[in-house]
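Undergrad:
In the UniProt record's numbering, the protein residues as written are 1 to 272.
#1: Going by beta-carbon coordinates alone, are residue 223 and residue 248 separated by less than 9 Å?
#2: Would you give the residue range spanned by the alpha helix (DSSP H) that residue 268 belongs to?
#3: How is the alpha helix (DSSP H) around residue 69 delimited, first residue to last?
#4: Using DSSP's beta-bridge definition, name the partner residues of residue 148.
#5: Which value, in whole angstroms, describes the spacing of the CA atoms of residue 204 and residue 186?
#6: Is the region 58-70 close to the region 125-133, with three or more CB pairs under 8 Å?
#7: Roughly how many whole angstroms lie between the Cα atoms of residue 58 and residue 245?
#8: Between residue 155 and residue 120, how many whole angstroms is the CB-CB distance? I'm expecting something under 8 Å.
#9: Taking all protein chains shown into account, do 16 or more other C-beta atoms lie within 10 angstroms of the C-beta of residue 148, making it buried, or fewer, making it exposed?
#10: At what residues does the alpha helix (DSSP H) containing residue 85 begin and finish?
#11: Where does the unbroken alpha helix (DSSP H) through residue 132 begin, and where does it stop?
#12: What runs of the beta strand (DSSP E), each 3 residues or longer, lie entirely inside the region 192-264?
#13: What distance in whole Å lies between the Cβ atoms of residue 78 and residue 254, which are believed to be in contact at a cut-off of 8 Å?
#14: With burial defined as no fewer than 16 other Cβ atoms inside 10 Å of the residue's Cβ, what is the status of residue 40: buried or exposed?
#15: Check each candidate in 225, 199, 181, 60 and name the one with the smallest Cα separation from residue 138.
#16: For residue 108, tell me which candidate among 116, 84, 95, 118 has the shortest Cα-Cα distance.
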């Protein structure tokens with residue numbers, strides 16, 4: 001309960017329009033992770049050379065709107081095989097917003113992989129809405145022989161013990177390139193503490209794991225903008241927001257290109 005109260009205080013301090021009951025009543029990260037790890041994901045088949053996009057902060061339901069249609073055009077023009085959404089799919093976590101997001105994603109006729117953000121938990125039943133439409137919030141996929149994508153649930157700004165144990169198991173596998181996709185950044189020298197993982201101890205432990213297992217990239221959102229820095233050999237990205245409400249810079253997304261033996265990346269701006 002102390003963790004929940006601290007989270008609520010942080011969100012209210014940040015000016016988030018949240019139903020306090022949502023933080024206090026929805027399943028905590030330990031419960032969500034255990035339920036997620038019980039899910040069985042069927043592997044998808046992709047070509048040896050592929051492209052995938054990573055973005056965050058779509059915020060469907062926000063009056064300002066989004067650059068979604070521009071992003072959809074990029075799926076075709078850049079020949080993107082699948083996309084990953086790193087949380088804040090919705091603005092208030094309502095069932096109507098979740099239905100809208102699902103319809104948008106299905107209409108692309110692309111594979112998509114998502115995890116949730118803090119806005120996606122803003123109603124007491126938001127986890128149920130998410131789970132019934134998108135499945136687990138914590139899972140891993142291997143789209144190519146040398147690449148693993150690991151999706152983490154940081155919707156409350158923390159990972160919790162169960163997710164940490166699972167993460168280290170996933171990181172110990174032999175893929176050359178491991179990319180973590182989640183909502184909250186670990187660290188950003190220009191990001192106030194309210195906009196990154198809340199626990200100093202968890203951040204330190206994560207940085208140690210990223211260094212130990214030579215993780216290629218940590219892709220996060222939460223702040224609305226594009227940014228890149230390297231810490232101990234790991235690329236740390238703020239992946240870019242599809243929402244029209246920006247904290248800095250221009251809207252956009254992160255594009256990865258996978259060859260049989262290499263992975264490269266670039267930022268793609270979105271302009272209407």
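Idealized CB from N, CA, C, for every residue including glycine. If you're wondering where the values come from, they're calculated on a predicted model, not measured in any experiment.
TA: Quick look at the numbers:
#1: yes
#2: Careful: residue 268 lies outside any alpha helix (DSSP H), inside the beta strand (DSSP E) at 263-269.
#3: 68-77
#4: 178
#5: 9 Å
#6: no
#7: 10 Å
#8: 6 Å
#9: buried
#10: Run containing residue 85: none in the alpha helix (DSSP H); it sits in the beta strand (DSSP E), 82-86.
#11: 126-134
#12: 217-220, 226-231, 234-239, 252-258
#13: Not confirmed; about 12 Å, so no contact.
#14: exposed
#15: 181
#16: 84
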